[in-house]
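Shown next, in structure tokens, is the structure this report addresses.
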Amino acid sequence: MTPSNPIRIAPSLLAADFLHLGDEIAAVERGGADRLHLDVMDGVFVPNITFGMPVIRAARKAATLPLEAHLMITAPDRYIEAVAEAGADTILIQIEAATHLDRALNQIKQAGKRAGLVLNPATPLDSLSEIVELLDVLLLMTVNPGFGGQRLIGYTLEKVRRARELLNRRNPECDLEVDGGIDVNTIASAAAAGANVFVAGTAVFAAQGGAASGIAALLEAARSAR
1389 MTPSNPIRIA PSLLAADFLH LGDEIAAVER GGADRLHLDV MDGVFVPNIT
1439 FGMPVIRAAR KAATLPLEAH LMITAPDRYI EAVAEAGADT ILIQIEAATH
1489 LDRALNQIKQ AGKRAGLVLN PATPLDSLSE IVELLDVLLL MTVNPGFGGQ
1539 RLIGYTLEKV RRARELLNRR NPECDLEVDG GIDVNTIASA AAAGANVFVA
1589 GTAVFAAQGG AASGIAALLE AARSAR
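Residues 1389 to 1614 in the working numbering are what the sequence shown spells out, letter by letter.
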């Protein structure tokens, strides 16, 4: 991990109150979030359906922070241009859903966006071997994707450690992000394993004392593990 990979919190808008989305975004921006995470689900690649371009555009209007769109959808290359135009600054695609990874990652970069790849818990790191240098973000799912509020899967922490070793060798500037079951009780272990960006939903938006309190607690726990 390099000094350019500091600890960052990315609140997941999936856990926000959509009746007051602008207020929720403002609260996490004031509270010390680094970026906003949007889970786009199609009900095919994962069993849940969430939101699409209208919500990304609405978040872009409300937010000053960067937006990262996590495309949990089949054939994500079909929507890269639309997601970029809607206002995402980082576009994350699932390695299990993209047939032509090199093409899709370069399509994201050609749109002027940061390119990220997401691996599900059981997907091996070996699948990155040919394209790891293309990544701005590597996101490891620490739960099976599709729903918020799940518990972190323990064996994924060893995968995070091995991913950090891989990135240190071949792409040290790449952010290593984790998503799933991140709260004040699990974030330290993920940080110690080498992650530097943490997607958190209920730990932020349902925190006692509000979003700022939740973010502060997460940052303190993660930094203590360094």
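The C-beta atom is built at its ideal place from N, Cα and C for all residues, glycine as well.
Check                                                                                                                                                                           : Outcome
In terms of residue numbering, what span does the alpha helix (DSSP H) encompassing V1531 cover?                                                                                : First-last for V1531: undefined, no H or E at that position.
R1423 by DSSP, collapsed to three states: which one?                                                                                                                            : coil
Helix, strand or coil: which one does DSSP assign to L1607?                                                                                                                     : helix
Can you list the alpha helix (DSSP H) stretches of 4 or more residues lying completely in the stretch 1509 to 1584, in chain order?                                             : 1544 to 1558 and 1575 to 1581
Going by DSSP, what residue range makes up the alpha helix (DSSP H) through P1442?                                                                                              : M1441 to A1450
Excluding sequence positions up to five away, which residues of its chain have a Cβ less than 7 Å from the Cβ of N1559?                                                         : V1520, E1521 and L1523
Since I1479 sits in a beta bridge, which residues does DSSP pair it with?                                                                                                       : A1457 and A1503
Give the secondary structure of I1496 by DSSP, where H, G and I count as helix, E and B as strand, and everything else as coil.                                                 : helix
Out of I1496, S1577 and V1471, state which residue places its alpha-carbon closest to the alpha-carbon of P1442.                                                                : V1471
What is the residue span of the beta strand (DSSP E) that I1395 lies within?                                                                                                    : Looking at the DSSP string, I1395 is not in any beta strand (DSSP E), and its letter there is neither H nor E.
What's the C-alpha gap between A1474 and E1608?                                                                                                                                 : 33 Å
Going by C-alpha distance, which of G1597, I1541, S1577 and V1566 is nearest V1585?                                                                                             : V1566
Determine the DSSP secondary structure at A1472, reduced to helix, strand or coil.                                                                                              : helix
Cα-Cα, which of E1484, L1407, A1604 and A1450 is closest to N1532?                                                                                                              : E1484
Say whether the stretch 1575 to 1591 touches the stretch 1539 to 1553, bearing in mind that this needs 3 or more beta-carbon pairs closer than 8 Å, one atom from each stretch. : yes
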